[in-house]
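**Q** Can you read through this structure? Questions will come right after.
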Amino acid sequence: LYCIFDTGCSGMSISPSLFDERYAAARANKEKSLWGQVDVELQTVGGETVTLSAKRPITTPLGSDRPWGKKLDGHLIVLGLSFFEGVKMTVDADGGMVWFED
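Under this note's numbering, the first residue of the sequence shown carries the number 3, and numbering increases by one thereafter.
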């Protein structure tokens, strides 16, 4: 699973295969919505867990064109602003670290 944080996105964009899988499960279970509460858990370097959450985020499948030119071995999720409500994110590009604070 690969995750991109994109503050230019308001909800969530996901791999088409992941979207289709969730759509089929929701329809089979006769659920009223595809996405209710979405929690994404990330493990820190120190072994702790950080959870980013959004309630009913607008979700779209990613297009089939990949700008990086090769097939990704896994799923891709792009998390937008709805996951950062009340959360401060700091990125250290040189150190390759990200911090999340309430």
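Glycine is no exception: its CB is placed at the ideal position from the N, C-alpha and C atoms.
Determine contact between the region 8-18 and the region 70-84, defined as no fewer than three beta-carbon pairs at a distance below 8 Å.
**A** In short, these stretches touch, since the Cβ pair count reaches three.
**Q** Relative to the C-alpha of Leu-20, which residue among Leu-54, Glu-33, Leu-74 and Lys-57 is closest?
**A** Leu-74
**Q** Rounded C-beta distance between Leu-64 and Leu-44? I'm assuming under 8 Å.
**A** Not quite, the Cβ-Cβ distance comes to about 20 Å (not below 8 Å), so this is no contact.
**Q** Give the straight-line distance between the Cα atoms of Ser-17 and Val-40, rounded to the nearest whole angstrom.
**A** When the Cα atoms are used, Ser-17 and Val-40 turn out to be separated by approximately 16 Å.
**Q** Where does Ser-19 fall in DSSP's three states?
**A** helix
**Q** What are the start and end residues of the beta strand (DSSP E) that includes Thr-61?
**A** 61-63
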